[in-house]
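Input: a single structure, listed below in structure tokens.
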Amino acid sequence: MTFAAVDVIRTKRDGGVLSDAQIDWVVDAYTRSEVADEQMAALAMAILLRGMTPAEIARWTAAMIASGERLDLSAVSRPTVDKHSTGGVGDKITLPLTPLVAACGAAVPQLSGRGLGHTGGTLDKLESIPGWRAALTNEEFVAQLRDVGAVVCAAGEGLAPADRKLYALRDVTGTVEAIPLIASSIMSKKIAEGTGALVLDVKVGSGAFMKSAADARELARTMVDLGKAHGVATVALLTDMSTPLGRAVGNAVEVAESVEVLAGGGPADVVELTLALADEMVAAAGLHADPARVLGSGKAMDSWRAMIRAQGGNPEAPLPVARETETVRAERDGYVSTVDAFGIGVAAWRLGAGRARKEDPVSAAAGVVLHKKPGDPVRAGEPLFELRTDDASRMPAALAEAVGAVLVAEVAPGPRALVMERIA
Ligand code: URA
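What the sequence shown shows, in the UniProt record's numbering, is residues 1 to 424, in sequence order.
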């Protein structure tokens, strides 16, 4: 069936419900460039302003999946389970989590992205490991999943091409924030990837897409329902992203911190979230392993080394080190009251760890290392954080951003729950 794009736009603009046939047509016609960018931009804005019913979101997601290929993971004998995070600052959890859950007996197909703006990308982080490559063919992906049980790689061009095109358009038309479009974008890729189960880490706070728990809850509920409707066992955790995860924000520095976690150390919050997500993934995969014991046994580290080697990386090679560092110290005694995730994410970005445009390169060595976390006591003159970059001209702008993000007060802040809610 064929429609006039302008009629589809008018239906949504006026608060109507799109029919299944209209949705199937517009997503397909846009993928084939029959519907123009300016028409899809108008429709995306109408969706942002008017919303979509659950039935429209389900159909839109199905149309995005149908725009490309669906991977077949039936050659993998272990249960498959993936994790998706909506993105945050210092969020390196995929790095220790993927090999840990593989060491628990699951196969983890982790198709990841690159960073844009103040949030980092998993592929950018792993590319700081000498030799490691993000691009695998579908055959290599399935073979590594079968043989190693853990793969982190770039999504192939054939997976949900409608989403690739639409996401780039939303990025430049102020329409990223529409919950139906975020949910269908994420879930179309995860369902097309072929995973049997999925655990979502929906971030809430200054460093996240979703600034309020109410919005995060709505996004999580929408995605969990979409997953279930497509036969993927899906669970979501809402987790705090008001402050960075761990002490390292950047690329190589986050790899180093992840390796500390795999070695049995690392910051308490990174360990806590890794284990909380691993527990959910192991249960969703129908396994009975105890991730905390597996982490302590060293098997997750073995799995990490195998995963990095399988993609050409050398897990023993030294990581890149920045040419310039600057340490900021406390001006007075007190307690660290705030380390704002957004401010620290922007500082890391200014230092070169992130990119402003898709095609920009990133610096492996740039980033921020926190010496104090919220609640820590501090004395005047003690280091609060360290900025690292290869390009000294980036330091002043990053410094201005980071100094405003870290506050010291007379009294300690109250405790904050890292895992805020579970939505199943
Ligand atoms: N990540 C995605 O993959 N899609 C969105 O729309 C937002 C975040």
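Glycine residues also receive a C-beta, built at the ideal position from the N, C-alpha and C atoms.
Option nearest residue i by Cα separation, candidates the options
i	options	result
Asp302	Asp82, Leu277, Leu262	Leu262
Asp82	Glu326, Asp269, Ile186, Arg388	Ile186
Gly207	Ser297, Pro244, Pro109, Gly231	Pro244
Arg357	Val172, Gly194, Arg221, Gly231	Val172
Ala285	Asp340, Ala107, Lys203	Ala107
Thr119	Ala103, Cys104, Asp91	Asp91
Ala150	Pro320, Ala380, Glu257, Ala103	Ala103
Val8	Thr31, Ala44, Ala424	Ala44
Arg217	Ala276, Thr2, Val6, Ala424	Ala424
Within 9 Å, strictly: CB atoms of residue i and residue j
i	j	result
Val89	Phe342	yes
Val419	Leu273	yes
Ser128	Ala392	no
Ala348	Ala330	no
Gly113	Leu123	yes
Phe141	Pro109	yes
Pro377	Val339	no
Val369	Glu386	yes
Ala256	Leu169	no
Ile65	Ala178	no
Val328	Val406	yes
Pro130	Gly105	no
Distance cut-off 8 Å: residue i Cβ against heavy atoms of ligand 1
i	result
Thr86	yes
Gly113	yes
Ser185	yes
Leu238	no
Val176	yes
Asp391	no
Arg146	no
Arg355	no
Ile65	no
Tyr167	yes
Ile182	yes
Asp269	no
Lys189	yes
Phe209	yes
Asp290	no
Arg394	no
Asp7	no
DSSP three-state assignment for residue i, whether helix, strand or coil
i	result
Val346	helix
Arg170	helix
Ile93	coil
Asp124	helix
Ile423	strand
Ala233	strand
Ser258	helix
Ile292	The amino acid occupying residue 292 in the given sequence is Ala; Ile does not appear at that position. In this structure, Ala292 counts as helix in the three-state DSSP scheme.
Glu410	coil
Val151	strand
Val271	helix
Glu331	coil
Any non-hydrogen atom of ligand 3 within 8 Å of residue i CB
i	result
Ile57	Ligands displayed in this structure: ligand 1; ligand 3 is not among them.
Entirely enclosed beta strand (DSSP E) segments - the stretch 178 to 225, minimum 3 residues: 197 to 204
Which ranges would you report for the alpha helix (DSSP H) in the stretch 51 to 121 if only whole runs of at least 4 residues count? 54 to 66, 94 to 103
Could you give the uninterrupted runs of the beta strand (DSSP E) lying entirely in the stretch 296 to 329, keeping only those of 3 residues or more? 324 to 329
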